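One structure below.
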Amino acid sequence: MVEIIVHEPDQQVLELAIDLFLEVCSEVDDENFGIVVSRLISRLESSSGSVAVGLSKILKTMFWNIHRHDPVKAVECGVIPAIVNTLRSVDQEVIGQSIDTIENFCDYADCEAIATELIRSGLIQMFSDLCVRYSNDFALKMRMIWIAGRFASKMHDFPVSLVRSLVFEQLTMSVYDVNMGDSLRLFDYVSDMIQKSTNKDEMIKVFREYGIDIYTTTIVTTTAISTV
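With the sequence shown counted from 1, adding 902 to any position gets you my numbering.
What follows is the structure in structure tokens.
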């Protein structure tokens, strides 16, 4: 099966071998598992369009199949950096699937290890770059802002250096731009990041530079007026 995945040129046979591997991957020894993951990542890096989207979905399935049995192995196997790296693509379909996959990682309740690996893999810088590239795509920017905020708020001691990124400046500004319920959720992300930081003063300083005090005061004032 491993040899087929690594060397088989026939797409149909290859797909059958991958489907079988996904069912038994948790039982495969580390060496052969590593070989298959490396091969699939290599294919992903050299693919585009629907092929890259399909490979991204396969890697997501493999990640969760492994995670159920060995969370540490899943986080360390290389799938997360590979998915983050696809955000460099110029193909918006590929980017969309990658963001879907990353957002799916958010759904795991205890995901600090996943969040840490995503951040280590350069997710924040990727999102900041995409915010510039797709500056007119409000929906896409908001998706990235929500994801970045969710992951950052789950981590203990999120790096202040990464808070000095465009995506968190945009997050702070969005506290005022969205409806009240979403504003409070975004503010909760900021609050969690500050509370979990060992450098609270510097973290607060950065968010104040972004105008968090002004946005919060405006929201409180607006809420008070609307309840009168």
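Ideal placement from N, C-alpha and C gives every residue a C-beta, glycine not left out. Bear in mind that the values here come from a model prediction, so they are computed numbers and not experimental data.
Annotation: Ala954 to Ile982 spans about 15 Å, alpha carbon to alpha carbon. Contact between Ser950 and Ser991 holds, with the beta-carbon distance rounding to 7 Å and staying under 8 Å. When the Cα atoms are used, Ile968 and Ala976 turn out to be separated by approximately 6 Å. A distance below 8 Å separates the beta carbons of Met1046 and Phe1029. Relative to the Cα of Leu924, the nearest Cα in the group Leu961, Asp932, Ser952 belongs to Leu961. Between the alpha carbons of Ile997 and Val986 lies a gap of roughly 9 Å. Distances from the alpha-carbon of Asp921 to those of Glu933, Arg1087, Val974, Leu942 put Leu942 closest. When only Cα atoms are considered, Asp972 and Thr1074 end up about 36 Å apart. A direct Cα-Cα distance of roughly 22 Å separates Glu917 from Asp1002. The three-state secondary structure of Cys979, taken from DSSP, is coil.
Residue environment analysis places Gln1072 among the buried positions, since at least 16 neighbouring C-beta atoms fall within 10 angstroms of its C-beta. Between Tyr1010 and Gly1051, the gap from beta carbon to beta carbon reaches 8 Å or more.
The three-state reading of DSSP puts Val926 in helix, counting H, G and I together.
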